[in-house]
Amino acid sequence: KNKNKAKDEL
Amino acid sequence: MNVFRLTGDLSHLVAIILLLLKIWKTRSCAGISGKSQVMFALVFTTRYLDLFTNFISPYNSVMKVIYLGCSYATVYMIYMKFKASYDGNHDTFRAEFLIIPVGGLAFLVNHEFTPLEILWTFSIYLESVAILPQLFMITKTGEAETITTHYLFALGLYRALYLINWIWRYYFEGFFDLIAIVAGCVQTILYCDFFYLYITKVLHGKKLSLPA
Chain A
120 KNKNKAKDEL
Chain B
258 MNVFRLTGDL
268 SHLVAIILLL
278 LKIWKTRSCA
288 GISGKSQVMF
298 ALVFTTRYLD
308 LFTNFISPYN
318 SVMKVIYLGC
328 SYATVYMIYM
338 KFKASYDGNH
348 DTFRAEFLII
358 PVGGLAFLVN
368 HEFTPLEILW
378 TFSIYLESVA
388 ILPQLFMITK
398 TGEAETITTH
408 YLFALGLYRA
418 LYLINWIWRY
428 YFEGFFDLIA
438 IVAGCVQTIL
448 YCDFFYLYIT
458 KVLHGKKLSL
468 PA
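Right, dumping it as structure tokens:
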């Protein structure tokens, strides 16, 4: 998984 | 999850619920830009499509559902339930001037050229400018109800707190999402003028009114 993506944020 | 991210999320939640309660209690959406609210509903819809594909945590899923639900409820109240009080005459910002360029940019500048990723990028870009019709409306009428300014302050504060969260995450996790960071900076900068007025006027007990 790409670490540099704010997908765990809202 | 750090304290800035959490307080950012809570500030966002306070803003959304405050607006919903204000409309519900006063049975009126006067002074609220329906166009901004439709764009926020669009932002949440396009960003949270991963609710079905990518489970992160119960906190994450619950917050997404609350944001989505409240946002649709707000749009419903403005355009259906309390439609008579909607100030459409003053809500004249052309939403297509934001949605079309932002859509184009999401196609051109994204992490990955896939439908979900483009929609996520679109939501990040659109969120950064979605408040403009609301700010434009206040400039046009020259004033805002105090409760509306509390809403705007909490909404602006949320992204500012996220900026600190991203600095934190960069130092402690080596994490950075350039798209989110640049859009988050733009979003926060748009609120600066309002923050100044809020602190100098509203916090001193005065109503927010602009000189004619």
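Top to bottom, those sequences are chains A and B.
For the first sequence, this note's numbering assigns the number 120 to the initial residue and increments by one for each residue that follows.
For the second sequence, this note's numbering assigns the number 258 to the initial residue and increments by one for each residue that follows.
Don't be surprised by glycine CBs; every beta carbon is placed ideally from N, CA and C.
Every value quoted in this text rests on a predicted model; they were computed, and no experiment measured them.
For C286 (chain B) and C442 (chain B), the gap between their C-alpha atoms comes out near 29 angstroms.
Relative to Y336 (chain B), the option among B:L362, B:N311, B:E430, B:I280 whose CA is nearest is B:I280. For the stretch 427-450 of chain B, the set of residues with a beta-carbon nearer than 7 angstroms to any beta-carbon of chain A comprises F432, F433, D434, A437, in chain order.
Distances from the alpha-carbon of V322 (chain B) to those of B:G431, B:F309, B:I438 put B:F309 closest.
For A401 (chain B), DSSP records a beta bridge to B:L465. Looking at the backbone, the Cα of V366 (chain B) and that of A387 (chain B) are separated by about 19 angstroms.
Excluding residues up to 5 positions away in sequence, S290, S293 lie with their Cβ nearer than 6 angstroms to the Cβ of Q391 (chain B) in the same chain.
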